[in-house]
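Chemist: Take this structure, written in structure tokens, and hold onto it; I'll ask about it next.
2 protein chains.
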Amino acid sequence: MKSDNRLWRTLHVLLHMHQSQEPMTSQAIGQMLNTNPVVVRRTMAGLRERHYVQSEKGHGGGWRLTRKLEDITLLEVYEALGSPTLFAMGEADDSQGCLVEAAVNQALAEVMDQARQLLLARFASISLAEIDADFEVLKELRGC
Amino acid sequence: MKSDNRLWRTLHVLLHMHQSQEPMTSQAIGQMLNTNPVVVRRTMAGLRERHYVQSEKGHGGGWRLTRKLEDITLLEVYEALGSPTLFAMGEADDSQGCLVEAAVNQALAEVMDQARQLLLARFASISLAEIDADFEVLKELRGC
DNA sequence: CTCTTATGTACTTTTTATTGTTACATAATA
DNA sequence: TATTATGTAACAATAAAAAGTACATAAGAG
Chain A
419 MKSDNRLWRT LHVLLHMHQS QEPMTSQAIG QMLNTNPVVV RRTMAGLRER
469 HYVQSEKGHG GGWRLTRKLE DITLLEVYEA LGSPTLFAMG EADDSQGCLV
519 EAAVNQALAE VMDQARQLLL ARFASISLAE IDADFEVLKE LRGC
Chain B
419 MKSDNRLWRT LHVLLHMHQS QEPMTSQAIG QMLNTNPVVV RRTMAGLRER
469 HYVQSEKGHG GGWRLTRKLE DITLLEVYEA LGSPTLFAMG EADDSQGCLV
519 EAAVNQALAE VMDQARQLLL ARFASISLAE IDADFEVLKE LRGC
């Protein structure tokens with residue numbers, strides 16, 4: 419299965435937007451991510467709705483951050499993307515009403531749910547500013 | 419994305435095999451899971467390799483449990499299926515060597531890894547016997 | 001023995017989710 | 001008003017997973 423990397427890409431873009439003074443066009447972002455401008459617009463739409471970014475039309479237009487990195491958590495970005503499916507595995511539909519199947523579903527649902535909660539709680543605890551700080555450290559290390 | 423439900427299906431089958439005195443044919447299992455016998459054989463192949471089940475050819479043949487439910491954990495079944503991908507989301511390949519991307523990958527890898535470890539640890543802590551016990555409780559409740 | 005019923009597996013087809021593309025509308029600026 | 005952006009619906013292409021086909025092998029029934 420090819421995994422959904424919109425969260426990774428979106429964070430990548432947001433941090434670059436933070437660095438950049440001018441608005442970034444979908445075109446430019448698409449080139450950076452090696453994808454199509456329309457795909458970029460689609461992905462950013464959810465972030466615009468929540469006012470994490472704004473888009474401007476016409477000359478000199480493009481995408482611009484409207485919040486501080488400290489005030490955006492991973493969870494917020496994840497949710498702005500429509501809370502994409504976390505797990506690649508999921509239950510079979512117990513159409514048959516089989517009790518064995520029901521017991522299996524119950525047991526696994528519990529475990530999966532714990533993992534989901536941990537993941538989302540960690541997402542909520544990390545702001546984009548922290549990732550940006552990691553980036554600054556990397557930059558120092560490699561001396562660029 | 420349509421999620422992989424082999425783990426669910428396989429547990430379902432193993433518990434039924436435990437109930438059944440005679441070996442279950444791939445045909446019968448396929449009917450139960452609403453799928454093809456060949457799909458069943460493919461899925462069970464990993465379990466056979468690890469001697470959780472055995473298969474017999476010819477008349478009266480089929481699949482049979484060769485271990486006690488207490489002695490099989492969810493983790494073992496998961497691994498017998500080839501340790502399928504857990505998460506539906508994964509990192510973008512940082513072909514460009516961008517440090518921002520590297521920082522994002524690093525931060526998210528850490529979080530995802532914690533969730534993975536929790537999930538697998540829980541899998542290791544649950545035996546099929548426990549799920550079977552849940553099933554017995556459900557059976558009591560519904561009085562079948 | 002040989003017929004039937006099973007599994008084993010390589011190969012092929014189908015399905016489906018995602019991604020990418022095109023087309024055209026809208027808006028802002030030079 | 002020409003150009004450069006975004007916005008979005010509709011459509012096409014792609015690729016990964018699952019399902020199915022065909023045929024080989026093996027075991028037991030008669």
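As they're listed, the protein sequences go chains A and B.
Residue numbering for the first sequence is 419 to 562, as defined by this note's numbering.
Residue numbering for the second sequence is 419 to 562, as defined by this note's numbering.
A virtual CB, placed ideally from N, CA and C, is assigned to each residue, including glycine.
As the structure is a prediction and not an experimental result, all values here were calculated from the model.
Count the other CB atoms, across all protein chains shown, that sit within 10 Å of the CB of Glu519 (chain A); report buried if there are 16 or more and exposed otherwise.
Modeler: So Glu519 (chain A) ends up on the buried side.
Chemist: Report the residue from A:Trp481, A:Glu509 and A:Pro502 whose alpha carbon sits nearest the alpha carbon of Arg459 (chain A).
Modeler: A:Trp481
Chemist: Should Ser421 (chain A) and Gly508 (chain B) be called a contact, given that it needs their Cβ atoms to be closer than 9 Å?
Modeler: yes
Chemist: Would you list, in chain order, the members of the segment 430-447 of chain A that have their beta-carbon closer than 7 Å to a beta-carbon of chain B?
Modeler: His430, Leu433 and His434
Chemist: Shorter than 9 Å from the beta carbon of Gly464 (chain B) to some beta carbon of chain A?
Modeler: no
Chemist: Identify the residues that DSSP records as bridge partners of Met442 (chain B): which are they?
Modeler: B:Trp481
Chemist: Anything in the segment 497-512 of chain A with a Cβ closer than 7 Å to a Cβ of chain B? List those residues in chain order, please.
Modeler: Pro502, Thr503, Leu504, Phe505, Ala506, Met507, Gly508, Glu509 and Ala510
Chemist: Does the distance from the CB of His430 (chain B) to the CB of Val495 (chain A) come in under 9 Å?
Modeler: no
Chemist: Which one or two residues does DSSP pair with Ser473 (chain A) in a beta bridge?
Modeler: Residue pairing of Ser473 (chain A) in beta bridges, as defined by DSSP: A:Trp481.
Chemist: Across which residues does DSSP place Thr491 (chain A) in a beta bridge pair?
Modeler: DSSP, once it has assigned bridges, lists A:Ser545 as partnering Thr491 (chain A).
Chemist: Measure the alpha-carbon distance for Ala533 (chain B) versus His477 (chain A) and round it to whole angstroms.
Modeler: 45 Å
Chemist: For Phe505 (chain B), list the residues DSSP reports as bridge partners.
Modeler: A:Phe505
Chemist: Would a check of beta-carbon distances place Val518 (chain B) closer than 9 Å to chain A?
Modeler: yes
Chemist: Would you verify that the beta carbon of Val456 (chain B) is, or is not, closer than 9 Å to some beta carbon of chain A?
Modeler: Closer than 9 Å: no.
Chemist: Quick one: list the residues of chain A neighbouring Arg460 (chain B), beta-carbon separation under 8 Å, in chain order.
Modeler: Within 8 Å Cβ-Cβ: nothing; Arg460 (chain B) doesn't reach chain A, min ~16 Å.
Chemist: Against Val471 (chain A), what residues of chain B qualify as contacts under a CB-to-CB distance less than 8 Å, listed in chain order?
Modeler: Here the premise fails: no neighbours, minimum Cβ distance about 16 Å.
Chemist: Between Val456 (chain B) and Met462 (chain B), how many whole angstroms is the CB-CB distance? I'm expecting something under 8 Å.
Modeler: Between Met462 (chain B) and Val456 (chain B) the Cβ distance is about 11 Å, and since that is not below 8 Å, they are no contact.
Chemist: Indicate whether at least one CB of chain B lies closer than 9 Å to the CB of Lys557 (chain A).
Modeler: yes
Chemist: Take the Cβ of His434 (chain A) as the centre, count every other Cβ of all protein chains shown within 10 Å, and call the residue buried at 16 or more, exposed below.
Modeler: His434 (chain A) comes out buried.
Chemist: Keeping to the same chain, check which residues put their C-beta closer than 6 Å to that of Cys562 (chain A); ignore five residues upstream and five downstream.
Modeler: Unreliable positioning characterises Cys562 (chain A) in this predicted model, as indicated by a pLDDT of 49, which lies under 50. A coordinate reading is not provided.
Chemist: Go ahead and label Asp531 (chain A) buried or exposed: buried means 16 or more other beta carbons lie within 10 angstroms of its beta carbon, across all protein chains shown.
Modeler: exposed
Chemist: Spatial neighbours of Ile447 (chain B) within its chain, please: CB distance less than 6 Å, with the 5 preceding and 5 following residues excluded, ordered by chain position.
Modeler: Val431 and Val458
Chemist: Taking Cβ positions, are Thr453 (chain A) and Arg427 (chain A) nearer each other than 9 Å?
Modeler: yes
Chemist: So, is the C-beta of Glu548 (chain A) closer than 9 Å to a C-beta in chain B?
Modeler: It does; some Cβ of chain B falls within 9 Å.
Chemist: Name the two residues that bound the continuous alpha helix (DSSP H) containing Thr428 (chain A).
Modeler: Arg424 to Gln437
Chemist: For a test of the three-state rule: what should DSSP assign to Thr461 (chain B), helix, strand or coil?
Modeler: helix
Chemist: Taking C-beta to C-beta, are Leu546 (chain B) and Glu488 (chain B) nearer than 9 Å?
Modeler: yes
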